[in-house]
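Enquirer: Going down the list, the protein sequences come from chains A and B. Numbering (my numbering) for the first sequence: 1 to 426. Numbering (my numbering) for the second sequence: 427 to 672.
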Amino acid sequence: MIKFLTKGLLRDRSRSLFPVLVITLTVTLVIFTIGFMKGIMNNLLLDSAVILTGHEKIITRAYNEESQLMPNDLALLDVDQLIHDLNQDYPDFFWSPRITFAGLLDVPDENGETKSQGPVIAFGIDFFSHGSRQVEIWELERSLVSGKLPENRNDALISSKLANQLNLSAGESVTFIGSTMDNAFTTYNFNVSGTFNLRKGQTDKQMMLVDLSGARLALDMDNAASAIFGFTHSLYYDDESAVTLRTDYNTKSDSLDIFSPFMLALRDGSQMGTLVDMSEAMLAIMGGVFLVVVMVVLWNMGLMNGLRRYGEVGLRLAMGESKGQVYRSMISEAVIIGLTGTVIGTGTGLALTYYVQENGLDYTKGIEALSNSSMVMPNIFYAQVTPDLFYIGFVPGVLATVLGTMLAGLAIYKREMAQLFKELET
Amino acid sequence: MIKMITFFLSFTFLLGQPDNMSVQDIIKAMDNNLNAKSRVLTSRMIVHGRRSSRTIESRNWVIGTDQAFTEYLSPPREAGTKMLKLGDKLWTYSPQTDRVIQISGHMLRQSVMGSDMSYNDMMEDRPMEELYEATLEGSIMIDGRDHWIMVLEARVKGLSYPKRRAWIDKEYLLPTKEELYAKSGKLLKTSTMEGIKRVQGRWFPSRFVFKDELKRNSKGTEWVIDDIKFDVDIPDSRFSKSKLRK
């Protein structure tokens, strides 16, 4: 029967080609739009995650109490062992230590006297470890304005805004003035290997990036770190699983020891919970509205297809086919058309979404215009392929089409057999 | 830090002063003592951190209130670090960077070697009479010793501690306890002194404890004077910037 119906559909292009095309396009649009919206929301969270929170962040309980002060005297110790354990226990994430510190950056003149000086917020990140993804997640290759990425532990990347303020350029030496892990005064020379612009407004105004090993030397933090950041391998933040993992980890941690490691999910960061909830709510509302609209379109198409075949249905009834048979065959055809369009549309939509996930859409100029904003804004928007995109298209593609056809098909039961030949005569 | 030392030293000149001595007399006598000709001292600073304690040894050369030179002797990370104070300017030299850097602006509020003292504490050493208006609140017995309670209110703007309250031993004329307040009245730091003994005709404490009250769970910083000599001839070359690198 299905073979018979399929043959009929293929031979009558007015019943197959156009509906399949419409469903394909609509499902493609649904998949891409939802994937793109999810990507944008994830990018918004990822930017904050990379700089501030990670998808998960481990600090000591005492550090958590005073985190605004960047209290490195309360930092994590024996970090190598901690990371080893995390990699074993939570392999869905990659874990990387980070030292966050602040102080003054002093630029010497040719006599070694202070030429210029300014406040700096520095991040010691893992540039050099085998398999480290820090350069990738910070998008440093793309953000590099001049010079090159750090090649040894004394190299530093300075934000172009800070470099301009201090009249610095790549190749020069700067002295960091700050406090060690023991709060002792420290000075440390870094070579400016390059300048960068994250293109995220004022976020990087006073930013310096150095390798973790350089930061450890400068701050006397051997095998210590302010925090350990964890990210999912796909860089996609799943709030529910992140919260579950955090709760699980903290249950095992000694709550009485103020120096015991303590995990925070992205939503635990300052106002990040609200952002996560808002983004999820916005996604649900926007996705829901969009889904309803396309469902109405496809429903309507199913309805119109049914009505357009008014004469054919009459003829089939006149020839002796039962109303139930006609109704079921129309629904079967709608299922075949819906499935075909949905499968093609899902494939096309996923391919498109994946392309934008990998390459992104560049809105740099627009974001630069908002450079006075202190918000961490992404400047290239990436889509995100998520598991639900593999089945979400079936809702409008099959369900709406079939429902439309079912509604139109109800007219079959209202046809009066006595009127059929009269209708066919006209 | 220098101010605190000189503040303490100043009271040694008031030895044996009568109980009815006026506040103005005390302050004036104190200022006379603040400007000791010179002193050379070796000390240990024991910084009690939240995780561990560190001992930092240093040697200081001081002339009056304007010139001071400090060389840190240990631990290895701090050894060779030097500081020079000339008037209201402060430079530091670190052998790791081989740079002479002037400490200014908000860096002056930073802790000295992780202790509970800031660079501003080291810098503020103008005569107390110029800086504070003093009043006596009364007397109190502490550990069997008679003390005045003195309140010092700032006469000039921009001081790190616009208000102080000191408990002054009437025999030693040393503030065995002091509280340092912000303009808002918030307690910022406290200091105490112990081990008072005679040194070259002065009563002098051998151990101070400073505590930054803003640091949560701070256990304070001990400052132990191992050796001190007053009125020593110190060559002017000791207080030159070139000495920092040598």
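Virtual Cβ for every residue (Gly too), placed ideally from N, Cα, C.
According to a CB-to-CB cut-off of less than 9 angstroms, which residues of the region 482 to 506 of chain B neighbour chain A?
Expert: Result list: I482, R503, E504.
Enquirer: Counting only C-beta atoms, is A/M375 closer than 8 angstroms to chain B at any point?
Expert: Its pLDDT being 46, under 50, A/M375 is placed unreliably in this model, and the coordinates cannot settle the point.
Enquirer: When DSSP labels each residue in this structure, what does A/A224 get in the three-state scheme?
Expert: A/A224: coil per DSSP, three-state reduction.
Enquirer: By how many angstroms is the C-alpha of A/A227 removed from the C-alpha of A/N164?
Expert: The alpha-carbon atoms of A/N164 and A/A227 are separated by roughly 30 angstroms.
Enquirer: In the DSSP assignment, find the alpha helix (DSSP H) that holds A/H84 and state where it starts and stops.
Expert: Taken as a continuous stretch (DSSP letters only), the alpha helix (DSSP H) holding A/H84 covers 79 to 89.
Enquirer: Counting only the same chain and skipping the five closest in sequence on each side, list residues whose C-beta sits under 7 angstroms from that of A/N87.
Expert: Closer than 7 angstroms at Cβ, skipping near neighbours: W95.
Enquirer: Can you confirm whether B/T543, when its beta carbon is compared against all beta carbons of chain A, has any partner nearer than 8 angstroms?
Expert: Note that residue 543 of chain B is Met in the sequence shown, not Thr. No, no contact with chain A.
Enquirer: For the alpha helix (DSSP H) containing B/T492, name the first residue and the last one.
Expert: Residue 492 of chain B is actually Asp in this sequence, not Thr. Looking at the DSSP string, B/D492 is not in any alpha helix (DSSP H), and its letter there is neither H nor E.
Enquirer: Taking C-beta pairs closer than 8 angstroms, name the residues in chain B that A/G171 reaches, listed in chain order.
Expert: The contacting residues do not exist; A/G171 stays about 18 angstroms from chain B at best.
Enquirer: Can you tell me where the beta strand (DSSP E) with B/M554 in it begins and where it stops?
Expert: Counting along the chain, B/M554 falls outside any beta strand (DSSP E), though it belongs to the alpha helix (DSSP H) covering 554 to 557.
Enquirer: Got a sec: is the Cβ-Cβ distance from B/M539 to anything in chain A below 8 angstroms?
Expert: Answer yes: the Cβ-Cβ gap between B/M539 and chain A drops below 8 angstroms somewhere.
Enquirer: Are there 16 or more other CB atoms within 10 angstroms of the CB of B/K511, so buried, or fewer, so exposed?
Expert: So B/K511 ends up on the buried side.
Enquirer: Applying the 10 Å Cβ sphere with the 16-neighbour rule, what's the burial state of A/K161?
Expert: The residue is buried, with at least 16 neighbouring Cβ atoms inside 10 Å.
Enquirer: State the Cα-Cα distance for the pair A/I125 and B/L562, rounded to the nearest angstrom.
Expert: Cα to Cα, A/I125 sits roughly 56 angstroms from B/L562.
Enquirer: Would you call the region 217 to 231 of chain A in contact with the region 182 to 191 of chain A, where contact means no fewer than 3 C-beta pairs closer than 8 angstroms?
Expert: They touch, by the three-pair rule.
Enquirer: Where does A/D362 land, buried or exposed, given buried means 16+ other C-beta within 10 angstroms?
Expert: Flag for A/D362 reads exposed.
Enquirer: Does the CB of B/R470 have a neighbour CB from chain A at under 8 angstroms?
Expert: So no, B/R470 is outside the interface.
Enquirer: What's the gap between the Cα of A/F36 and the Cα of A/P387?
Expert: About 14 angstroms.
Enquirer: Which residues mark the beginning and the end of the beta strand (DSSP E) in which A/S241 is found?
Expert: That residue, A/S241, is in no beta strand (DSSP E); its alpha helix (DSSP H) goes 239 to 252.
Enquirer: Chain A partners of B/V526, CB-CB under 8 angstroms?
Expert: Correct list: G112, E113.
Enquirer: Does A/I99 get closer than 8 angstroms to chain B when you measure Cβ to Cβ?
Expert: No, A/I99 does not count as interfacial toward chain B.
Enquirer: For a cutoff of 8 angstroms on Cβ pairs, would you count B/G682 as touching chain A?
Expert: Nothing in the structure corresponds to residue 682 of chain B, since chain B is present only between 427 and 672.
Enquirer: Express the C-alpha separation of A/L235 and A/V192 in angstroms, rounding to a whole number.
Expert: So the two alpha carbons sit approximately 29 angstroms from each other.
Enquirer: Quick check on DSSP: helix, strand or coil for B/I428?
Expert: Caution applies to B/I428, whose pLDDT of 48 falls short of 50 and renders its modelled position unreliable; the value that the coordinates give is listed next. Correct three-state label for B/I428: helix.
Enquirer: In the DSSP assignment, find the beta strand (DSSP E) that holds B/V473 and state where it starts and stops.
Expert: It spans 464 to 474 - the beta strand (DSSP E) in which B/V473 sits, taken as one unbroken run.
Enquirer: Among the candidates B/S632, B/P631, B/F630, B/T647, whose CA atom is the shortest distance from the CA of B/D638?
Expert: Comparing Cα-Cα distances from B/D638 to each of B/S632, B/P631, B/F630, B/T647, the minimum goes to B/T647.
Enquirer: List, in chain order, every chain A residue whose beta-carbon is nearer than 9 angstroms to that of B/R535.
Expert: Neighbours of B/R535 on chain A: none; closest Cβ ~12 angstroms, over 9 angstroms.
Enquirer: Look up A/Y354 in the DSSP assignment and say whether it is helix, strand or coil.
Expert: Residue state, collapsed to three classes: helix.
Enquirer: Could you compute how far the alpha carbon of A/S329 sits from the alpha carbon of A/R309?
Expert: The straight-line gap from Cα to Cα measures roughly 13 angstroms.
Enquirer: May I ask which residues mark the beginning and end of the alpha helix (DSSP H) holding A/V398?
Expert: That residue, A/V398, is in no alpha helix (DSSP H); it is neither H nor E in DSSP.
Enquirer: Show which residues of chain B have a CB atom less than 8 angstroms away from the CB atom of A/Y188.
Expert: Q522, T523, listed in chain order.
Enquirer: Among A/L407, A/L198, A/F390, whose alpha-carbon lies nearest the alpha-carbon of A/F32?
Expert: For the residues A/L407, A/L198, A/F390, the minimum Cα distance to A/F32 belongs to A/F390.
Enquirer: In terms of residue numbering, what span does the beta strand (DSSP E) encompassing B/K669 cover?
Expert: It is not in any beta strand (DSSP E) - B/K669 instead sits in the alpha helix (DSSP H) that spans 668 to 671.
Enquirer: Using the Cα positions of A/I336 and A/T6, report the straight-line distance between them to the nearest angstrom.
Expert: So the two alpha carbons sit approximately 7 angstroms from each other.
Enquirer: Grouping DSSP H, G and I as helix and E and B as strand, with all else coil, what is A/F259?
Expert: In this structure, A/F259 counts as coil in the three-state DSSP scheme.
Enquirer: Could you pull out every residue in the same chain whose Cβ sits closer than 6 angstroms to the Cβ of A/M301, ignoring the five residues on either side in sequence?
Expert: Excluding residues within five positions, the ones whose Cβ falls inside 6 angstroms are V22.
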